[in-house]
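Novice: Counting in the numbering used here, the sequence shown runs without a single skipped number right up to 1517 at its last residue.
Cβ atoms here follow ideal geometry from the backbone N, Cα and C, with glycine treated the same way.
No experiment lies behind these values; they were computed from the predicted model shown.
Would you mind keeping the following structure in view while I ask a few things?
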Amino acid sequence: MSLATGVGSMPGDDQAAYDEAVKVVLGELTDLAHLPEVPGRGAVASMTGRALAVVTDLGADLQPAGWRLTGTDGSGVDHRRARSLLAQDLDGLEEQAQGFGAAFKLQVAGPWTLAATVEKPRGDKVLADVGARRELAQALAEGVRGHVADVRRRLPGVERLVVQVDEPALPAVLGGKVPTASGFHRHRTVDLPEASEALGWVLAAVAEAGAEPWVHSCAAGTPLGLLRGAGAQGLSVDLAMTSAADHDALAETLEAGGTVALGVVPSVDPSTRPTDAGVTESVLRWLDMVGLDPAEVGERLVVTPSCGLAGASPGWARAALHLLSQAAGHLTR
């Protein structure tokens, strides 16, 4: 049987929305639930804020231009708020997920997306400094180990734990398309070996903590071969954004025993809602195109929304996850 899960984010702008998101995720995604993210609550709940809440041994604060590292000089009030909010969210998850024994997924921004969005202590992106981006990647890897251990303690019935490393900025980093602070120039490209090494530290930390490392990006041009080479056991993509080369890489991942998560349902409210039969058919067509039998890939094929659901209405977010769950059940019948 194939599985269904969410990419991560859910709609809403307050704590009640987070509590409802947990309830929806646990109710609809009974085979592979995930820790919801509700970025509408502000910068401390954003993808970057959540990842900085996980990072160890580095402080940060929130400036008008966004998040900035403070080195080892201590965390600013917003960084402390981000850590407190993550702990509060995990408390809420633990309370609602009592007895949950299916697979479970966490999400964290990857080292290159962080390097492209977080500033150095004296300004400009971490991406501009080889030493700073190395330090941030290693601090993230160490923080992920502790995060996985904390979640395992809170969800003792979960045997399969997945950590999805989100890297939407990776294509821009590799393509030299990340703007400098002035906006008039672009940061230099990062060499592929360095990109793979930093990502590999984080993915290895996930695996060493006893979880399954995936990488997600719904951006076009994501180098899937690099992700696999860095240690990703699962690849999560928006099917509509994939190329012919991507199809080959995804098929190779499944054939090698890895997991592929295909984004096949709109992440915002569509003008015409798809049906579970239509979603099932689109996945079966893709499997036929790459020459794979749905019965053989089984649970290693996962269906998801095309990207996060933060921009959706609460009604569509719930409907999308329900639709995916139904389609997953149809795929191997």
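Do A1300 and A1353 come within 9 Å of each other at the CB atom, strictly closer than that value?
Specialist: Contact flag set, yes.
Novice: Alpha carbon to alpha carbon, how far is A1244 from L1311?
Specialist: Each residue's alpha carbon lies about 16 Å from the other.
Novice: Going by DSSP in three states, R1344 sits in which element: helix, strand or coil?
Specialist: Note: R1344 maps to coil in three-state DSSP.
Novice: Starting from G1315, follow the beta strand (DSSP E) in both directions and report where the run begins and ends.
Specialist: Looking at the DSSP string, G1315 is not in any beta strand (DSSP E); the run it does join, the alpha helix (DSSP H), is V1314 to R1338.
Novice: Any idea if E1480 is buried or exposed, counting beta-carbon neighbours within 10 angstroms, 16 or more meaning buried?
Specialist: By the neighbour-count rule (16 or more Cβ atoms within 10 Å), E1480 is not buried but exposed.
Novice: Nearest by alpha-carbon distance to Q1348: which of Q1291, A1496 and W1385 is it?
Specialist: When only C-alpha atoms are compared, the closest one is Q1291.
Novice: Please report the straight-line C-alpha distance between D1472 and G1260, rounded to a whole angstrom.
Specialist: Looking at the two C-alpha atoms, the distance is approximately 52 Å.
Novice: Suppose only complete runs of 4+ residues qualify. What are the alpha helix (DSSP H) ranges in the segment 1370 to 1405, listed by chain order?
Specialist: Counting only runs of 4 or more, we get 1376 to 1392.
Novice: Tell me the DSSP bridge mates of T1443?
Specialist: For T1443, which the question treats as bridged, DSSP gives the partners G1418.
Novice: Are T1297 and D1375 close, meaning C-beta to C-beta below 9 Å?
Specialist: Going by C-beta atoms, T1297 is not nearer than 9 Å to D1375.
Novice: Starting from the Cα of H1371, find the closest Cα among R1225, K1309 and E1212 and give me that residue.
Specialist: For H1371, the nearest C-alpha among the options comes from K1309.
Novice: From S1186 to G1307, what distance separates their C-alpha atoms?
Specialist: When rounded, the distance between both Cα atoms is 46 Å.
Novice: Alpha carbons only, please: which of V1399, L1505 and S1509 is nearest the one belonging to T1437?
Specialist: Nearest C-alpha to T1437: V1399.
Novice: Please state the DSSP three-state secondary structure of K1309.
Specialist: Reduced to three states, the DSSP call for K1309 is strand.
Novice: Compute the Euclidean distance between the alpha carbons of G1294 and P1363, then round it to the nearest angstrom.
Specialist: Their Cα atoms are separated by approximately 19 Å.
Novice: Could you check where the alpha helix (DSSP H) with G1499 kicks off and where it finishes?
Specialist: Unbroken alpha helix (DSSP H) run through G1499: P1498 to H1514.
Novice: Judging by CA-CA distance, which residue of P1450, E1392, A1393 and G1475 is the nearest neighbour of H1431?
Specialist: Ranking P1450, E1392, A1393 and G1475 by Cα distance to H1431 puts G1475 first.
Novice: What's the C-alpha gap between P1223 and Q1199?
Specialist: Between P1223 and Q1199, the C-alpha separation is close to 11 Å.
Novice: According to DSSP, simplified to helix, strand and coil, what is K1289?
Specialist: Reduced to three states, the DSSP call for K1289 is strand.
Novice: One question on the structure: do V1467 and L1493 come within less than 9 Å of each other, judged by their Cβ atoms?
Specialist: No, the Cβ-Cβ distance between V1467 and L1493 is not below 9 Å.
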